[in-house]
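Trainee: Residue numbers (the numbering used here): 30 to 107. For every residue, glycine included, the Cβ atom is placed at its ideal position computed from N, Cα and C. Here the structure is a predicted model, which means the values were calculated and not measured.
Given below as structure tokens:
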């Protein structure tokens, strides 16, 4: 990963944008393995990145992703 925090922040913003734009059912079906890998990466950033803004952005992305997953599970049950 980049040694420049501004680059890491940009990647985190782009990742969050994907979570906002791509429908939850697509994330969970067509991109399941990528989402699993991205979730692990976001957790790592949140816990270990030296930049607090990166930590904050990764936490926000994780909350958004968890909301999308919950929404998809609830819609599949209904």
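(1) Just to confirm the assignment: which complete alpha helix (DSSP H) runs, minimum length 4, are found wholly within the segment 45-77?
(2) According to DSSP, is residue 32 helix, strand or coil?
(3) If we define contact as Cβ-Cβ less than 8 Å, is residue 41 a contact residue for chain C?
(4) To the nearest angstrom, how far is the alpha carbon of residue 90 from that of residue 105?
Mentor: In this structure, then:
(1) Entirely contained in the segment 45-77, the alpha helix (DSSP H) runs reaching 4 residues are, in chain order, 53-58, 61-77.
(2) Indexing the chain shown from 1 puts residue 32 at position 3. Here residue 32 sits in coil by DSSP.
(3) Judged by its chain identifiers, the structure shown contains no chain C, having just a single protein chain.
(4) Position 61 of the chain shown, counting from 1, holds the residue named residue 90. Position 76 of the chain shown, counting from 1, holds the residue named residue 105. Rounded to the nearest angstrom, the gap between the Cα atoms of residue 90 and residue 105 is 23 Å.
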